[in-house]
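What follows is one structure encoded as structure tokens, with my remarks underneath.
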Amino acid sequence: MVLPVLSLLLLSCAPDPVVTTPGEIIGEFEVEVEASEVISSVITVRWTTPEAGDGVVDFGDTLQYTAHGTLGDDDVWEATLVGFPANRDALFRVRHGSVVDEVRSHSLEAAPSWVPLDPDVVGEASLGFLVTGYRSEEGRGALILDNLGRPVWWYDALGWGEDTYVSRATLSPSGDAVWFNTIRLRTAPDDADAERGVVRVSLDGSEVEHIPLEEHHHDFWLHEDGTLVYLAVAPGLVDGVEHELDAVMKRAPDGTTETFYITEDVVTSTSLEPWINTIEYDEANGRYWVGAKSLGGIIRLDSETGERIDLIGGPQTDWEVDEPFTDQHGFDLLDDGNLLLFDNGFIGDMDSRPTRYLLDEDTRTAELDWEYSADPSLYTNFLGDALDLGDGRVLSIWTFEGVAMEVDAQGEVISRWDYKELEMLTFGRWYESVSP
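Anchor point for the sequence shown: position 349 equals 349 in my numbering, and the numbering is continuous, going up by one each time.
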């Protein structure tokens, strides 16, 4: 069979030996590769073979990642590979059934100038990828970073305005696209140039869709059916007077939007801004958790009705918190029901840190179980995130400092990434793999 003409038809064989496991046979495949015209580090590998069974592609510096192949109508197998830093040789190898191909390589082009180059790195983080928003003086956008903090995927957001800010990026539930938001900062002037909404970009960059979301800010949650639950501003009543208040909105797959929750029940006429900034979904218990910076707490909502269940932390807390958090931003809900949270801290202390709280639903108590303070301390008065990597390991992002660190349960630094001044990562999500 003759395959379509692609950007590269002949691949050079890498000098590395083929590594097999017992039962595997070294074979030959007709292999072609195509680099994305939009995101040059993303490549699609296609192959034909008479072998039975399913095919996969191992890839990466040590072939540490695997992408699953799909069979097309023309009997050509295909796999999209995401995970290569730009301007390097991409190594990969096809495996089909019990037969393995030789290790091959493809030379990647450089990334656009706005994409941050290699940060200063100490150590090596756990295998996986960080999907995050990004801001610098030169660009705004969404990134996927490997475990050395190197960009392996990027998309520029400035097409939606020169004042655009990307605070959240995430993989789609099906893993075939990156979603990120386009917002303007609350401190920006009213005429700031930014089209608020969310963007869906396929992994190869060939499909782009912008969904306008009026008054959207900070964060959103994407459900499998396409429902978007996002933070915004909406009109509400306080002491009988209408004000623009923080709200949680819900956009159905058909495009209809409703005000799901509005902060009328936690504000007063003299304190109208709880500054909600993060949202996480607790599927097991049917709840949304919404961080509120100026309340120093987290609002929990019924995911069906939007009614407030309780508030954890701050002066209005329904829970007893032994070590209160301050101005918190990103957080993770752990499988054991506990809470990993980025505590921005008091500006006077200049010490932002990841923390973990043990939660007791019966007694409504939250006990500080673990925290990590950098030495010297790091402080960010906005954004920041703490992500659970399993086994007590945490990836923490100090946004304004341009620093990310993986720390273990004993507080030992496993890896640290330092970006250039004003190169800032925003909220993130961690994935073991970003290839479908």
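Glycine included, every Cβ here is placed at the ideal spot set by N, Cα and C.
Beta-carbon gap between residue i and residue j smaller than 7 Å
i	j	result
Ala79	Gly69	yes
Leu439	Asn338	Given a span of 1 to 436 for the chain in the structure shown, any question on residue 439 remains unanswerable.
Glu162	Thr182	no
Trp370	Leu395	no
Gly291	Ser303	no
Asp424	Arg416	The identity of residue 424 in the sequence shown is Met, whereas the question assumes Asp. It is not a contact, given that the beta carbons lie outside the stated cut-off.
Asn344	Asp322	no
Glu138	Trp154	no
Thr380	Ser352	yes
Arg88	Leu63	no
Ser435	Leu81	yes
Asp225	Arg168	no
Pro354	Phe346	no
Ala86	Ala111	yes
Leu231	Ile276	yes
Val403	Asp418	yes
Ser377	Met350	yes
Leu158	Val131	no
Identified DSSP bridge partners for residue i
i	result
Leu171	Val178
Phe260	Its beta-bridge partners do not exist; DSSP assigns none.
Gly72	Answer by DSSP bridge pairing: none, since Gly72 is not bridged.
Trp153	Ile144
Thr341	In the sequence as displayed, the identity of residue 341 is Leu instead of Thr. DSSP output for Leu341 lists Phe331, Thr355 as bridge partner(s).
Thr278	Gly291
Gly55	His96
Pro212	Gly197
For residue j and residue i, believed in contact at Cβ under 8 Å, the rounded distance
i	j	result
Val152	Gly83	5 Å
Trp77	Gly60	Between Gly60 and Trp77 the Cβ distance is about 19 Å, and since that is not below 8 Å, they are no contact.
Val238	Ser269	5 Å
Thr399	Thr426	6 Å
Pro324	Gly306	Between Gly306 and Pro324 the Cβ distance is about 26 Å, and since that is not below 8 Å, they are no contact.
Val45	Ser36	Not quite, the Cβ-Cβ distance comes to about 12 Å (not below 8 Å), so this is no contact.
Glu109	Leu148	Not really, about 19 Å apart at Cβ, beyond 8 Å.
Val229	Val248	6 Å
Lys250	Thr227	7 Å
Span of the beta strand (DSSP E), counted from its first residue to its last, around residue i
i	result
Thr66	65 to 68
Tyr134	129 to 135
Val267	Val267 -> no beta strand (DSSP E), and no H or E assigned at all.
Glu30	30 to 35
Val407	403 to 407
Asp302	297 to 302
Ala86	No beta strand (DSSP E) contains Ala86, which DSSP labels as neither H nor E.
Val166	Premise fails: Val166 is in no beta strand (DSSP E) and is neither H nor E.
Glu371	365 to 371
Ile397	393 to 398
Gly390	385 to 390
Arg429	424 to 431
Thr317	Where Thr317 is concerned, there is no enclosing beta strand (DSSP E), given that its DSSP letter is neither H nor E.
Met249	241 to 251
Ser105	104 to 107
Trp417	413 to 418
Tyr230	228 to 238
Thr380	Element bounds for Thr380: n/a, residue is neither H nor E.
Chain D contact for residue i (CB, 7 Å cutoff)
i	result
Phe400	Among the chains in the structure shown there is no chain D, since it carries only a single protein chain.
Residue i CB to nearest heavy atom of the ligand ADP below 6 Å
i	result
Asp58	This structure does not include the ligand ADP; it has no bound ligands of any sort.
Problem - Cβ contact (3+ pairs, closer than 8 Å) linking the region 195 to 204 and the region 256 to 273 - result: no
Exercise for the section: Please determine if the region 324 to 333 and the region 377 to 390 are in contact, where contact requires at least 3 C-beta pairs separated by less than 8 Å. Expected result: yes
Practice task
Report yes or no: do the region 164 to 175 and the region 204 to 214 share at least 3 C-beta pairs separated by less than 8 Å?
Solution key: no
Exercise for the section: Would you check if there are 3 or more beta carbon pairs closer than 8 Å linking the region 90 to 107 to the region 23 to 32? Expected result: yes
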